[in-house]
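Asks:
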Amino acid sequence: MMELRSTLAGRIVLTAVATMILLFLALPIVVILVTSFSDNAFAAFPPDTWTLNWYKALFADGSKWPAALSLSALVAALSTVFSLIIGVTAATALVRSELPLRSAVFALVLGPLVIPQIVTALGLFLLFEPAAMLGSPIAIALGHTVLAAPIAVLILIATLRGIDERLEDAAASMGAGRLTIARRITFPLAAPGMIAAAIFSFITSFDEFYISQFLSSVDTVTLPVQVYNSLTFEIDPSVTAISAILIAFAILALGLVALVRWLGSGRQGSLLSVENTAGVANPGGETV
Amino acid sequence: MAATLTATAPAPPRKLLASRRTRVGILYALPVVVYLLVLFVYPIFSTLFLSLKDTDGALTLHWYADALTGVNLSVLFTTLRISAETAVLSLVFGFVLANAISRLKPLWAGVAMLIVVVPHFISALVRTYGWIIMLGDKGLVNETMAWAPGAPFQLLYNELGVVIGTTSMMLPYTVLLLYGVMRGVDRRLLAAAASMGAGRVTIFRRIYLPLVAPGLASAGLLSFILSLGYYITPALMGGPNQTMIATLINQQVMKENQWNGAAAQGVILLLITFAGLLLVKLVTSLGASRRKRSAS
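Chains U and A, in that order, are what the protein sequence lines are. Add 225 to a position in the first sequence, counting from 1, and you land on the number used in our numbering. Add 30 to a position in the second sequence, counting from 1, and you land on the number used in our numbering.
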């Protein structure tokens, strides 16, 4: 009885503290979403009156936001393409081939994810400054790819590991050529993972700040750098609106990844179902 | 003759296949290796060379001497202090939250995990701005605490503000790592201890804690390492006493054109990071051997 009561009290305290910590994570985001519709955009919460003015101001004449937004979109699109090319080839090499120095290659891929981004940014600055490439969208995209490609590689490694190689073997045994197998079997099964890799590469580049700041020039400013500048130098209330848009964008992208995963999860199962109805043991365990 | 033929015949094709797979592997690994060598490894080495080069091109260590004296040294200590505070807080919060989530029913655990993971994919700048709105004199926190004596509290532009900000950035990492560790604990060990009459506190201290300790240590170290290079939150939520090393590197490059000094500080930051990663590796292998022992 004593034991039971102490667990119950313990549970209530634990739940309360855990809820506080969850609020600690979620509130800064909720506050921005609410404040972006508030008449008094600065540091007053909850708002007294509501408005859409900050969103309208984003696209008013002389606003810096449209240029920053389109530059960031361009850079992120380029960086997504680079990351996918690198990601697909690297994941194939690491999962589906005999690669000498495999662990060294893997360590190289992980490098940019563990090393402080400011160091990577400084190195890229020293590389692109002598080449007079500061402010070039290509240079910024190449820099972002250093961070985005490893993420794409990791996602695609997991994707390729999840594809049952016997499906490809089966196709080969029935006379399918390499290209046919890639086009008809591997690609459709890997598509959800590739879409996820593309979305995460895009977000990584779109939100990247350190490299952008080091590689930007006065007239080429990416969206995060513009947000940072408005928070430090100029007072621009529409920064709440752009922040809210960035939040909505991130949540939308994550939702898209979840949707693609969910749609793709049935595919391999339908291909393997013949084998399962035939009662053949599945050595992979929970492949389906 | 026939026997040797059949025995050796399969060897050449298999060898051929292996070398083909090797060639394919090298070919497909080339893009990532070349890309990262040119745009990641080479720039880091040129940072290293620059940090060792005097203005006249001679070899020197005086950029390091500069980086480790006076104001620069105190910035380094501030960086280590704020990172340590962040690591401890995100470890404690992360432990409590991961523990609570691991006791929830799957549906609620999923919802809680979503609240942990989604913020991680939202720009750190945006989340920092959210904190600035919340912690201001008229922000949500001070408005709800208005009844308290001494309100409004100064929650911004000091160390408290910075640590609140960085802790919320690191928390998703520690929660995810610790949740994984806690799910990996063999519940039968706890049940066995209970069946032999051990109390809750004893089980927690003698069985549970030793099993999760290596995970705790590596999660703490990782959030320490990741905080070291932080720039956005200290710059926006801190005061002049919370200048961290990344801010200094940025200032030297952007405002003072002092690349060599920035390079030396970058290398110092890199070396501390490597030392931390080495410790993580050590702790992880220690944990693996301990788990093996407890399982046997």
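The C-beta atom is built at its ideal place from N, Cα and C for all residues, glycine as well. All figures in this text were calculated on a predicted structure; none of them were measured in a lab.
For the region 58–90 of chain A, which residues have a beta carbon sitting closer than 9 Å to at least one beta carbon of chain U?
Replies: Hits within the stretch, in order: 58, 59, 60, 61, 62, 63, 65, 66, 67, 68, 69, 70, 71, 72, 73, 74, 75, 76, 77 and 80.
Asks: Hey, which unbroken runs of the alpha helix (DSSP H) at 4 residues or more fall wholly within the region 374–399 of chain U?
Replies: If we require 4 residues or more, the alpha helix (DSSP H) runs fully inside the region 374–399 of chain U come out as 390–398.
Asks: Is any beta-carbon of chain A found at less than 8 Å from that of residue 412/U?
Replies: Not one chain A Cβ lies under 8 Å of residue 412/U.
Asks: Assuming contact is defined by CB atoms lying nearer than 8 Å, are residue 110/A and residue 205/A in contact in what I supplied?
Replies: No; because the gap between Cβ atoms is not below 8 Å, this pair is not in contact.
Asks: From the beta carbon of residue 261/A, is the nearest beta carbon of chain U less than 8 Å away?
Replies: Yes, because at least one Cβ of chain U sits closer than 8 Å to the Cβ of residue 261/A.
Asks: Tell me the rounded alpha-carbon separation between residue 280/A and residue 441/U.
Replies: Using only the alpha carbons, I get a separation of about 13 Å.
Asks: Nearest to residue 488/U by CA position, among 414/U, 290/U, 387/U and 390/U, is which residue?
Replies: Nearest option by C-alpha distance: 414/U.
Asks: Where does residue 315/A land, buried or exposed, given buried means 16+ other C-beta within 10 angstroms?
Replies: So residue 315/A ends up on the exposed side.
Asks: Does any residue of chain A bring its CB to less than 8 Å from the CB of residue 323/U?
Replies: Yes, residue 323/U lies at the interface with chain A (some Cβ there is under 8 Å from its Cβ).
Asks: Please confirm if residue 337/U has its CB atom under 8 Å from at least one CB of chain A.
Replies: Yes, because at least one Cβ of chain A sits closer than 8 Å to the Cβ of residue 337/U.
Asks: Cβ closer than 7 Å: which chain A residues qualify as neighbours of residue 348/U?
Replies: Those are 73, 74, 76 and 77, listed as they occur along chain A.
Asks: Using a Cβ-Cβ cutoff of less than 6 Å, which residues in the same chain neighbour residue 227/U once the five nearest sequence positions on both sides are dropped?
Replies: Summary for residue 227/U: the model assigns pLDDT 38, below 50, so the residue's position carries little reliability; its value from the coordinates is reported in the next sentence. Hits under 6 Å: none found.
Asks: Would you kindly report the start and end of the unbroken alpha helix (DSSP H) that includes residue 162/A?
Replies: Here the alpha helix (DSSP H) through residue 162/A covers 154–165.
Asks: Which residues of the region 271–289 of chain U have a Cβ closer than 7 Å to any Cβ of chain D? Give them in chain order.
Replies: Structure shown: chain D not included; protein chains present are U and A.
Asks: What residue does the alpha helix (DSSP H) around residue 286/A start on, and which one ends it?
Replies: No alpha helix (DSSP H) contains residue 286/A, which DSSP labels as neither H nor E.
Asks: Under a three-way DSSP split, which group does residue 35/A fall into?
Replies: Confidence in residue 35/A is poor, its pLDDT being 44 and thus under 50, which makes the residue's placement too unreliable to answer from.
Asks: Taking Cβ to Cβ, would you say residue 216/U is nearer than 8 Å to residue 334/U?
Replies: In the structure displayed, chain U extends from 226 to 513; residue 216/U sits before or after that span and is not available.
Asks: Note down the Cα distance separating residue 182/A from residue 164/A, rounded to an integer number of angstroms.
Replies: So the alpha carbons of these two residues sit roughly 12 Å apart.
Asks: Less than 7 Å separating the Cβ of residue 55/A from some heavy atom of the ligand MG?
Replies: This structure does not include the ligand MG; it has no bound ligands of any sort.
Asks: Got a sec: is the Cβ-Cβ distance from residue 225/A to anything in chain U below 8 Å?
Replies: So no, residue 225/A is outside the interface.
Asks: Between the Cα of residue 50/A and the Cα atoms of 421/U, 282/U and 321/U, which residue gives the shortest distance?
Replies: Nearest option by C-alpha distance: 321/U.
Asks: For the region 198–213 of chain A, enumerate the residues whose C-beta is nearer than 7 Å to any C-beta of chain U, in chain order.
Replies: Cβ contacts with chain U come from 198 and 201.
Asks: Just curious, the alpha helix (DSSP H) that residue 486/U is in, first and last residue?
Replies: First-last of the alpha helix (DSSP H) with residue 486/U: 464–489.
Asks: Verify whether the separation of the beta carbon atoms of residue 73/A and residue 351/U is less than 8 Å.
Replies: Result yes, Cβ atoms of residue 73/A and residue 351/U sit closer than 8 Å.
Asks: Would you call the CB atoms of residue 349/U and residue 368/U closer than 8 Å?
Replies: For residue 349/U and residue 368/U, yes; Cβs fall inside 8 Å.
Asks: Skipping 5 residues on each side, what residues in its chain have a beta carbon closer than 8 Å to that of residue 90/A?
Replies: Around residue 90/A: 82, 83 and 84.
Asks: Does any residue of chain U bring its CB to less than 8 Å from the CB of residue 153/A?
Replies: Answer yes: the Cβ-Cβ gap between residue 153/A and chain U drops below 8 Å somewhere.
Asks: In the DSSP assignment, what residue or residues form a beta bridge with residue 83/A?
Replies: DSSP, once it has assigned bridges, lists 89/A as partnering residue 83/A.
Asks: Roughly how many angstroms separate the alpha carbons of residue 307/U and residue 240/U, rounded to a whole number?
Replies: Approximately 45 Å between the Cα atoms of the pair.
Asks: Kindly indicate which three-state DSSP category residue 177/A falls into: helix, strand or coil?
Replies: Residue state, collapsed to three classes: coil.
Asks: Closest by CA to residue 436/U, which one among 388/U, 421/U and 373/U?
Replies: When only C-alpha atoms are compared, the closest one is 373/U.
Asks: Go ahead and label residue 287/A buried or exposed: buried means 16 or more other beta carbons lie within 10 angstroms of its beta carbon, across all protein chains shown.
Replies: So residue 287/A counts as exposed.
Asks: Which of helix, strand or coil does DSSP assign to residue 508/U?
Replies: Here the model assigns residue 508/U a pLDDT of 40, short of 50, so the residue's position is not dependable and the matter cannot be decided.
Asks: Measure the Cβ-Cβ separation of residue 190/A and residue 262/A and say whether it is below 8 Å.
Replies: Going by C-beta atoms, residue 190/A is not nearer than 8 Å to residue 262/A.
Asks: Distance, Cα to Cα, residue 425/U vs residue 479/U?
Replies: Taking the straight line joining both Cα atoms gives about 9 Å.
Asks: Secondary structure at residue 288/U, three-state DSSP: helix, strand or coil?
Replies: Note: residue 288/U maps to coil in three-state DSSP.
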